[in-house]
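K.L.:
Residue numbers (our numbering), protein chains in the order written: chain A, 1 to 254; chain B, 1001 to 1234.
Ideal placement from N, C-alpha and C gives every residue a C-beta, glycine not left out.
Computed from a predicted model, the values in this text were never measured in an experiment.
Starting off with a structure, shown below.
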Amino acid sequence: MMISITSGKGGVGKTSLAVNLALALSPEYKVLLVDADLGLANVDIMLSIAPKVTVKHVLLEGRSIREAVVEGGYGFHVLPAASGVVELVQPDSDMKGALELGLNELASSYDLLLFDTGAGISPAVLWFNCLAGYTIVVFTPEPTSITDAYALIKVLYRDYGQKNFLLVANQASQKEGEQYFLHLKKVIDSYLGANPIFLGAIPKDPALAQSIRSQKPLLAYHRETKAAKAILEIAEKIKSFIPVTRKNSLLSNS
Amino acid sequence: MDLERRLKQIKEFFAQNGHKLDPKTGQMIKELCSLCEELYAQASIDFLTGLYNRRFFEKELEINVEKAKRDRSVFSLILIDLDHFKKVNDQYGHLVGDEVLKKVAEIIKKNVRKIDVPARYGGEEFAIILPATGSEGALAVARRLKHNINEILFGPKDNPFHLTASMGVATYRPLSGLSAEEFLKKVDKLLYQAKEAGRNCIITDQEEFVLQREQEGITYEEREALKGVWQYDD
Ligand SMILES: Nc1ncnc2c1ncn2[C@@H]1O[C@H](COP(=O)(O)OP(=O)(O)OP(=O)(O)O)[C@@H](O)[C@H]1O
Ligand SMILES: [Mg+2]
């Protein structure tokens, strides 16, 4: 089972959501958080980990993908990306082929692979999104972010065959987020024919911004804040998309 | 497909009601069923390789085009041609040639999913329909196949040889409006280009596709409709 977290516009909260979702789901599921922004890693910073082996060593130096997997420190595992490695920003077909094989292999030992992708419609981002069974699209209530989210959904739906979109409104109240979603859904439905699902909204919360500065996931220590509660609710909804078949692997592996 | 299901139904019916007939008639009908099944198998499977045959493939291709148009989805097609296969037949004989085709078919079977449709399209030509697969996914499969075909040793143990393959890969997009036949022709052209380029390579329609996507972007109507998202009134 693979789910990608993506956005049309950058900086809308993908990595914060990815890290906290991985944490929220990990007591119940075996989760691997994949830093899918291969050449510009984010996840390691957010978790304050300094991996020695990254996807760079796997794709450019032939190390096995399992060697790169590390503990995230909060109950889930991480496949770290490299920082500032230009060759990885747009991986070629050979790298993608190798990566696809590796990820498929890893997927067999986890309940869930979560991809934290880069923003936009670059081939690498699109590739990760079409590898995943579901794509979570994060947007904020601004015209640019919404337009870019729509453009991304359009390309993925029309050209890459991705059909399953889960939407998250960030920096928005529940009510606001829902309104935005309903209007956006109408446009998506009438122009593309896709049928996106709303996962929920995450309110603007200084505690979330603070947690990023302190390089600790919000859910690791402040579960009572507005944003934390919203993310927990989103995690709850995501559970319905994860097949239960592999639950046993959690017991036998940990 | 439906024929198969119908046959099964009829057989089940006979398993329950066959005893009411006189034994001779029952026997004949049973035989008729077996003959039908055999015919059905002949009609869709290539006997040598166990892959689907050309007829079945062409039908599937049409179904996939119709489905893509209806669901606004995409699928991909890989055409594979073994390089210098004639030489194998000439130098090693047809038996070895047949073994090669079987081995390649095995490689193909191992590398596709249950929903894919791998077929023997001609003498040494293979075709694979990959439903719900975009260009990147199809390219990954083609690369894997090419690699595996290059790796394997064919022929007699004391005089083995390597083979290469040329491939054309394209993704069907409903917006193109192409018919199944036109799409097939297009991919065949890509395969031909791969041969022209010196064989042992994969040619895709990707450049064309990137261009097409850039041209299409978001339309004026969509832009106007999106305004409603942030300009709504409570
Ligand atoms: N709900 C929120 N409340 C307050 N601040 C937020 C919220 N969501 C995101 N932010 C702020 O937005 C910044 C960007 O978040 P994040 O790094 O998760 O985005 P991203 O989509 O992963 O960015 P990129 O596209 O660069 O990978 C964070 O530093 C954080 O301070
Ligand atoms: Mg990020």
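(1) Which of the residues in the segment 1116-1147 of chain B, read from start to end, lie with their CB under 7 Å from any CB of chain A?
(2) Report yes if the C-beta distance between Ser1229(B) and Leu1079(B) is below 8 Å; otherwise report no.
(3) Nearest CA to the CA of Ser109(A): which residue from Val85(A), Ile65(A), Ala149(A) and Ser83(A)?
(4) For Lys1008(B), count neighbouring Cβ atoms within 10 angstroms of its own Cβ and tell me buried if that reaches 16, exposed if not.
(5) Just to confirm my understanding: we take Ala82(A), look at its own chain, exclude 5 residues before and 5 after, and list those with CB closer than 8 Å. What are they?
(6) Figure out for me which residue from Ile1128(B), Glu1012(B), Ile1010(B) and Gly1217(B) has the closest Cα to the Cα of Leu1184(B).
(7) State the CB to CB distance for the pair Val85(A) and Leu47(A), rounded to an integer number of angstroms; the pair is presumed to be in contact (CB under 8 Å).
(8) Quick one: which residues of the segment 1217-1229 of chain B get their C-beta closer than 9 Å to a C-beta of chain A? List them in chain order.
(9) Just the chain A side, please: which residues come within less than 8 Å of Ser1073(B) by C-beta, in chain order?
(10) Could you check whether the Cβ of Arg1113(B) sits closer than 8 Å to any Cβ belonging to chain A?
(11) Would you mind giving the Cβ-Cβ distance between Ala1225(B) and Thr1204(B), rounded to the nearest angstrom? I have them listed as a contact below 8 Å.
(12) Would you give the residue range spanned by the alpha helix (DSSP H) that Ser1076(B) belongs to?
(13) Would Ile1107(B) and Asn1148(B) qualify as a contact pair, given that the criterion is a beta-carbon distance under 8 Å?
(14) Bridge partners of Val1168(B), per DSSP?
(15) Under the DSSP definition of a beta bridge, which residues are partnered with Tyr1052(B)?
(16) Using a threshold of 7 Å, is the CB atom of Gln1009(B) nearer than that to any non-hydrogen atom of ligand 1?
(17) Report yes if the C-beta of Ile212(A) is less than 7 Å from at least one heavy atom of ligand 1; otherwise report no.
(18) May I have the straight-line CA-CA distance separating Gly8(A) from Asp44(A), to the nearest angstrom?
(19) What residues are listed by DSSP as bridge partners for Met2(A)?
(20) Closest to Ser173(A) by CA distance: which of Ile231(A), Asp35(A), Leu166(A) and Thr15(A) is it?
P.N.:
Let me lay it out:
(1) Ala1132, Thr1133, Gly1134, Glu1136, Gly1137, Leu1139, Ala1140, Arg1143 and Arg1144
(2) Looking at the sequence itself, residue 1229(B) is Val, so the reference to Ser does not match. Taking 8 Å as the Cβ cut-off, Val1229(B) and Leu1079(B) do not qualify as a contacting pair.
(3) Ile65(A)
(4) Residue environment analysis places Lys1008(B) among the exposed positions, since fewer than 16 neighbouring C-beta atoms fall within 10 angstroms of its C-beta.
(5) Excluding five sequence positions before and after Ala82(A), the CB atoms of its chain that fall closer than 8 Å to its own CB belong to Leu38, Gly39, Ala41, Thr54, Val55, Lys56 and Leu88, given in chain order.
(6) Check the Cα spacing between Leu1184(B) and each of Ile1128(B), Glu1012(B), Ile1010(B) and Gly1217(B): the tightest is with Ile1128(B).
(7) Contact doesn't hold; Cβ gap of about 19 Å is too wide.
(8) Gly1217, Ile1218, Thr1219, Glu1221, Glu1222, Arg1223, Ala1225, Leu1226, Lys1227, Gly1228 and Val1229
(9) Gly161 and Lys163
(10) no
(11) Contact flag wrong, Cβ pair sits at about 33 Å.
(12) Where Ser1076(B) is concerned, there is no enclosing alpha helix (DSSP H), although the beta strand (DSSP E) it sits in stretches over Phe1075 to Leu1082.
(13) yes
(14) The sequence as given places Gly at residue 1168(B); Val does not occur at that position. DSSP, once it has assigned bridges, lists Leu1079(B) and Ile1203(B) as partnering Gly1168(B).
(15) Ile1045(B) and Ala1119(B)
(16) Outside the cutoff, so no.
(17) Checking the Cβ of Ile212(A) against ligand 1 gives yes.
(18) 22 Å
(19) For Met2(A), which the question treats as bridged, DSSP gives the partners Leu113(A).
(20) Ile231(A)
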